[in-house]
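>
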Amino acid sequence: MDIIIQSIAEAWQQFKAGMLQTTWLEYVAVAAGIISVWFSKKENIWVYPTGLISTVIYVYLSFKYHLIGEASVNVYYSALSIYGWILWARTDREQHPVLQVSFSGRREWIVQLTFFAVLYVAIYFCLVYLKNAFYPGVIPWGDAFASATAYTGMWLMARKKIESWYWWIATNIASVPLYFVKGLAFTSVFYFILLLMAFSGLSEWKRKARESGIRVAHQKKVN
Numbered sequence: 000m001d002i003i004i005q006s007i008a009e010a011w012q013q014f015k016a017g018m019l020q021t022t023w024l025e026y027v028a029v030a031a032g033i034i035s036v037w038f039s040k041k042e043n044i045w046v047y048p049t050g051l052i053s054t055v056i057y058v059y060l061s062f063k064y065h066l067i068g069e070a071s072v073n074v075y076y077s078a079l080s081i082y083g084w085i086l087w088a089r090t091d092r093e094q095h096p097v098l099q100v101s102f103s104g105r106r107e108w109i110v111q112l113t114f115f116a117v118l119y120v121a122i123y124f125c126l127v128y129l130k131n132a133f134y135p136g137v138i139p140w141g142d143a144f145a146s147a148t149a150y151t152g153m154w155l156m157a158r159k160k161i162e163s164w165y166w167w168i169a170t171n172i173a174s175v176p177l178y179f180v181k182g183l184a185f186t187s188v189f190y191f192i193l194l195l196m197a198f199s200g201l202s203e204w205k206r207k208a209r210e211s212g213i214r215v216a217h218q219k220k221v222n
């Protein structure tokens, strides 16, 4: 019991020290990231311009704190944000979004799981090399998992797939301790907030998909 209490006390002291070291740049990145996730939950295209502010800052912060996998993720986020922005902006003649929130089929599940597995293995071995050669502070298995799930989630979100939220949940769970041990306490709190928002986003997109399905079925019945 004493060991548990001591561990909690040490973690709390580490958290306070990390918060005191938080820079204004990290505050801006966190604020922009939270706003971006809120927009994604609402299926609002502003998810992308606000998200770009956060990801560009985190590219810099990730390199600075030897989170190389996360740095690559944020570079990828930035590129996929432009791709997703284009897809989400497309509308039909009645100005309705062409891309609709939807569930992944069996084949799509196989593709995304394969995509994740290949990325995880590739990132892991790259990080092991970087750890030995340049960045001793790298945590290969944790960084690779957070990175691979994030790559998968961002790709699926650009296509408005509900399953993107499952991958975001996995990313956030992995990122909370990953950033904490690196001294980025505020970012660790940020990912915990994103974890809660991901569960909410998952529920919201499921509701939208069900309503869309009912609406389409009704239109077919009327026609």
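For the sequence shown, the tail end lands on 222 under numbering that gives the first Met the number 0, and the numbers increase by one without skipping.
The beta-carbon is built from N, C-alpha and C at its ideal position, and this holds for glycine as well.
1. Whole angstroms are fine: how far does the CA of W45 sit from the CA of A88?
2. Can you say whether S53 is buried or exposed, counting buried as having 16 or more other CB atoms within 10 angstroms of its CB?
3. Which class does T90 belong to by DSSP, given the choice of helix, strand or coil?
4. If we ignore side chains and look at the alpha-carbon of each, how far apart do Y134 and Y190 end up?
5. Determine the DSSP secondary structure at S103, reduced to helix, strand or coil.
6. Check the C-beta distance from F144 over to E25 and give it rounded, since I have them as a contact under 8 Å.
7. Can you list, in chain order, the residues of its chain whose CB lies under 6 Å from that of L194, leaving out five sequence neighbours each side?
8. Given this structure, state the Cα-to-Cα distance separating S35 from K159, to the nearest angstrom.
9. May I ask you to list the residues that DSSP assigns as paired with K160?
10. Would you tell me roughly how many angstroms separate the C-alpha atoms of K220 and W204, rounded to the nearest one?
11. Look at W140 and Y123 and say whether their C-beta atoms are less than 8 Å apart.
12. Is it true that the CB of S39 sits closer than 8 Å to the CB of M156?
13. Compare the beta carbon distance of N43 and V58 with 8 Å and say whether it is the shorter of the two.
14. Please classify P176: does DSSP put it in a helix, a strand, or coil?
15. Apart from the five residues on each side of it in sequence, which residues of its chain come closer than 7 Å, Cβ to Cβ, to S174?
16. Among I85, S101, F115, K181, which one has its Cα closest to the Cα of R209?
17. Considering only C-alpha positions, which residue in the set I161, Y150, N131, L51 is nearest to F114?
18. Look at Y119 and A78 and say whether their C-beta atoms are less than 8 Å apart.
19. List the endpoints of the continuous alpha helix (DSSP H) containing I52.
20. Mark V27 as exposed unless 16 or more other C-beta atoms lie within 10 angstroms of its C-beta, in which case mark it buried.
21. Assuming L129 contacts I67 under a Cβ cut-off of 8 Å, what Cβ separation, rounded to an integer in Å, is found between them?
22. Do M153 and Y76 count as a contact pair if the criterion is CB distance below 8 Å?
23. How is the alpha helix (DSSP H) around F38 delimited, first residue to last?
24. How long is the line joining the alpha carbons of V117 and S71, rounded to whole angstroms?
So, to answer that:
1. Here residue 88 corresponds to residue number 89 of the sequence shown, with the count starting at 1. Here residue 45 corresponds to residue number 46 of the sequence shown, with the count starting at 1. Annotation: A88 to W45 spans about 10 Å, alpha carbon to alpha carbon.
2. Within the sequence shown, the letter at position 54 stands for residue 53. Per the 10 Å Cβ criterion, buried.
3. Translated into the one-based positions of the sequence shown, residue 90 becomes position 91. Secondary structure of T90 (DSSP, three-state): strand.
4. Position 135 of the sequence shown holds residue 134. Position 191 of the sequence shown holds residue 190. Between Y134 and Y190, the C-alpha separation is close to 23 Å.
5. Within the sequence shown, numbered from 1, the residue matching residue 103 stands at position 104. The answer is coil: DSSP assigns S103 none of H, G, I, E or B.
6. Residue 144 sits at position 145 when you count from the first residue of the sequence shown. Residue 25 sits at position 26 when you count from the first residue of the sequence shown. Contact check for F144 and E25: beta-carbon distance about 22 Å, past the 8 Å limit, so the pair fails to qualify.
7. For the purposes of this step, residue 194 is identified with residue 195 of the sequence shown, where counting begins at 1. Cβ within range, chain order: N171.
8. Indexing the sequence shown from 1 puts residue 35 at position 36. Indexing the sequence shown from 1 puts residue 159 at position 160. Going by the C-alpha atoms only, they are around 15 Å apart.
9. Looking up residue 160 in the sequence shown gives position 161. Note: K160 is bridge-paired with S101 in the DSSP secondary-structure output.
10. Position 221 of the sequence shown, counting from 1, holds the residue named residue 220. Position 205 of the sequence shown, counting from 1, holds the residue named residue 204. Confidence at K220 is low in this model, with a pLDDT of 48, below 50, so its placement is unreliable and the value that follows should be read with caution. Each residue's Cα considered, the two are about 24 Å apart.
11. Within the sequence shown, numbered from 1, the residue matching residue 140 stands at position 141. Within the sequence shown, numbered from 1, the residue matching residue 123 stands at position 124. Taking 8 Å as the Cβ cut-off, W140 and Y123 qualify as a contacting pair.
12. Numbered from 1 along the sequence shown, position 157 holds the residue referred to as residue 156. Numbered from 1 along the sequence shown, position 40 holds the residue referred to as residue 39. In contact: M156 and S39 (Cβ atoms closer than 8 Å).
13. What you label residue 43 is simply residue 44 of the sequence shown in a count that begins at 1. What you label residue 58 is simply residue 59 of the sequence shown in a count that begins at 1. Not a contact, by the Cβ cut-off of 8 Å.
14. On the sequence shown, residue 176 is found 177 positions in, with the first residue counted as 1. Correct three-state label for P176: helix.
15. Within the sequence shown, residue 174 is the residue found at index 175, counting from 1. The answer, listed in chain order, is A145, Y190.
16. Residue numbering aside, residue 209 sits at position 210 when the sequence shown is read from its first letter. R209 has its Cα closest to that of S101, out of I85, S101, F115, K181.
17. Here the question's residue 114 lines up with position 115 in the sequence shown. Among I161, Y150, N131, L51, the Cα nearest to that of F114 belongs to Y150.
18. By 1-based counting over the sequence shown, the position of residue 119 is 120. By 1-based counting over the sequence shown, the position of residue 78 is 79. Taking 8 Å as the Cβ cut-off, Y119 and A78 do not qualify as a contacting pair.
19. Looking up residue 52 in the sequence shown gives position 53. Per DSSP, I52 belongs to the alpha helix (DSSP H) from 46-63.
20. Counting from one through the sequence shown, the residue named residue 27 turns up at place 28. When all chains shown are included, V27 counts as exposed.
21. As a first step, residue 129 must be located in the sequence shown, where it is residue number 130. As a first step, residue 67 must be located in the sequence shown, where it is residue number 68. With 8 Å as the limit, L129 and I67 qualify as a contact, their Cβ atoms being about 5 Å apart.
22. Residue mapping note: residue 76 aligns to position 77 of the sequence shown, counting from 1. Residue mapping note: residue 153 aligns to position 154 of the sequence shown, counting from 1. M153 sits close to Y76, with the two beta carbons spaced by under 8 Å.
23. On the sequence shown, residue 38 is found 39 positions in, with the first residue counted as 1. Here the alpha helix (DSSP H) through F38 covers 23-40.
24. For the purposes of this step, residue 117 is identified with residue 118 of the sequence shown, where counting begins at 1. For the purposes of this step, residue 71 is identified with residue 72 of the sequence shown, where counting begins at 1. Taking the Cα positions, V117 is about 15 Å away from S71.
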